[in-house]
Amino acid sequence: MAKVFVTRRLPFPALDELRAAHDVEEWPGDLPPSPEELRAAVAEADGLLSLITDRVDASVLDAAPRLKAIANMAVGTDNIDVEAARERGIPVGNTPDVLTDATADLAFALLLALARRIVPGAEKVRRGEWRTWEPAADLGADLAGATLGIVGWGRIGQAVARRAAGFGMEVVHSSRSSGVPLEELLERADFVSLHTPLTPETRGLVDAGALARMKPTALLVNTARGGVIDQDALRTALHEGTIAGAALDVTDPEPIPADHPLLDAPNLLVVPHVGSATVRTRARMAAMAVENLLAALDGREMPHPVA
Ligand code: DGY
Numbered sequence: 609m610a611k612v613f614v615t616r617r618l619p620f621p622a623l624d625e626l627r628a629a630h631d632v633e634e635w636p637g638d639l640p641p642s643p644e645e646l647r648a649a650v651a652e653a654d655g656l657l658s659l660i661t662d663r664v665d666a667s668v669l670d671a672a673p674r675l676k677a678i679a680n681m682a683v684g685t686d687n688i689d690v691e692a693a694r695e696r697g698i699p700v701g702n703t704p705d706v707l708t709d710a711t712a713d714l715a716f717a718l719l720l721a722l723a724r725r726i727v728p729g730a731e732k733v734r735r736g737e738w739r740t741w742e743p744a745a746d747l748g749a750d751l752a753g754a755t756l757g758i759v760g761w762g763r764i765g766q767a768v769a770r771r772a773a774g775f776g777m778e779v780v781h782s783s784r785s786s787g788v789p790l791e792e793l794l795e796r797a798d799f800v801s802l803h804t805p806l807t808p809e810t811r812g813l814v815d816a817g818a819l820a821r822m823k824p825t826a827l828l829v830n831t832a833r834g835g836v837i838d839q840d841a842l843r844t845a846l847h848e849g850t851i852a853g854a855a856l857d858v859t860d861p862e863p864i865p866a867d868h869p870l871l872d873a874p875n876l877l878v879v880p881h882v883g884s885a886t887v888r889t890r891a892r893m894a895a896m897a898v899e900n901l902l903a904a905l906d907g908r909e910m911p912h913p914v915a
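Taking the working numbering, I'd label the letters of the sequence shown as residues 609 to 915.
Rendered as structure tokens:
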């Protein structure tokens, strides 16, 4: 039996399988372990089941001399120093595919919410300010005929494109290997949706210069990683009307403090990183993470290794 540390309580059926096979310790807190707590917790661990809230860097790996496998319950692995794990011969797994539709649905939900001013409308009703049917109030943007610019052309970006086709939108995309240059996309798009992983190349990709290229009527959606946007630049762009609005499922940091200056910006909708948050998707993500751990601890290749 190997020792496995799971960084949060995961109430999903797959965990029973892990518990049956190994000696599993689960972090009891509702909040993630601190870096010090994580280092202490992995001291004896052969396997680690981590979440995006856990920074698994070289110091954690050094504190875990027995570690043989890291299974991240996420498709993104920017919380893990994958290179440092590779140097130590520790395989890292993730959970691709299973969250594609849920995340694409959320990107579209945010896009629609921005376009049709859903949150301001709901707040207006709650404030008792809905006086009558007003011919020229609460007007939003049409999707049919509008251009959606998708930045990043992986599984989720393409799933968003399929949804956009159903709404009669024209789709352009930009990625490292295909599509139009980012500058062209930003200038043409009525809506921009971000679907790139966070890497040194994509950090701050949407900066002041990028925002300045967008139409003043354009709406920006981010369900990728907060660090892809320069948030100071976004705040300025929203205040100055450089773009018309933004909806973020991801921020930097997460959680974004309630008094963070970005949250003062007009036409900004922020939700708490819920792209994959459906009952079925989260259960599947847990199952894939467990499959990865069971395989690696059994000396087999992970079925879902990080490339
Ligand atoms: C991921 O999997 O990377 C998401 O951001 C969290 O579900």
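No residue lacks a Cβ here, since even glycine has one placed at the ideal position from N, Cα and C.
Euclidean distance between Cα positions of residue i and residue j
| i | j | result |
| --- | --- | --- |
| R724 | A666 | 45 Å |
| R770 | L794 | 20 Å |
| P865 | G907 | 43 Å |
| T844 | A885 | 30 Å |
| T685 | M609 | 27 Å |
| P728 | A816 | 26 Å |
| A692 | L669 | 8 Å |
| A721 | G748 | 10 Å |
| V914 | D746 | 45 Å |
| M777 | D750 | 9 Å |
| R696 | D631 | 23 Å |
| A653 | R833 | 29 Å |
| V690 | A677 | 12 Å |
Nearest-angstrom Cβ-Cβ length linking residue i and residue j, presumed shorter than 8 Å
| i | j | result |
| --- | --- | --- |
| L646 | A897 | Actually they do not touch by this definition, with Cβ atoms about 17 Å apart. |
| A797 | L756 | 6 Å |
| A894 | L623 | 7 Å |
| A772 | V779 | 5 Å |
| T905 | G655 | The amino acid at residue 905 is misidentified as Thr; the sequence shows Leu. Indeed, because the Cβ distance is near 5 Å, the residues count as touching under 8 Å. |
| P640 | R616 | 7 Å |
| V650 | L618 | With 8 Å as the limit, V650 and L618 do not qualify as a contact, their Cβ atoms being about 17 Å apart. |
N- and C-terminal bounds of the beta strand (DSSP E) containing residue i
| i | result |
| --- | --- |
| V887 | Where V887 is concerned, there is no enclosing beta strand (DSSP E), although the alpha helix (DSSP H) it sits in stretches over 887 to 905. |
| I726 | Here I726 belongs to no beta strand (DSSP E); instead the alpha helix (DSSP H) covers 726 to 734. |
| A854 | 853 to 856 |
| D631 | 631 to 634 |
| I764 | From DSSP, I764 is part of no beta strand (DSSP E) but of the alpha helix (DSSP H) over 763 to 774. |
| S801 | 799 to 802 |
| E778 | 778 to 782 |
| V650 | Taken as a continuous stretch (DSSP letters only), V650 belongs to no beta strand (DSSP E), as it is neither H nor E. |
| V614 | 611 to 614 |
Limits of the alpha helix (DSSP H) - the one that residue i falls within
| i | result |
| --- | --- |
| H847 | 839 to 848 |
| V878 | Per DSSP, V878 belongs to no alpha helix (DSSP H); it is in the beta strand (DSSP E), 876 to 878. |
| I790 | Checking the sequence, you will find Leu at residue 790 rather than Ile. Note, L790: alpha helix (DSSP H), 790 to 796. |
Three-pair Cβ contact test at 8 Å for the stretch 785 to 803 versus the stretch 761 to 769: yes
- request: Report yes or no: do the stretch 849 to 858 and the stretch 825 to 832 share at least 3 C-beta pairs separated by less than 8 Å?
  value: Contact between the stretch 849 to 858 and the stretch 825 to 832 is present: three or more C-beta pairs spanning the two stretches fall below 8 Å.
- prompt: Fully enclosed by the stretch 679 to 751, which alpha helix (DSSP H) runs are 4 residues long or longer?
  reply: The qualifying runs are 690 to 695, 708 to 723, 726 to 734.
message: For the stretch 777 to 795 against the stretch 701 to 713, do three or more pairs of beta-carbon atoms, one drawn from each stretch, fall closer than 8 Å, so that the two count as touching?
response: With the cut-off at 8 Å, the stretch 777 to 795 and the stretch 701 to 713 do not touch.
Secondary structure, beta strand (DSSP E): runs of 3+ residues fully inside the stretch 815 to 839: 827 to 830
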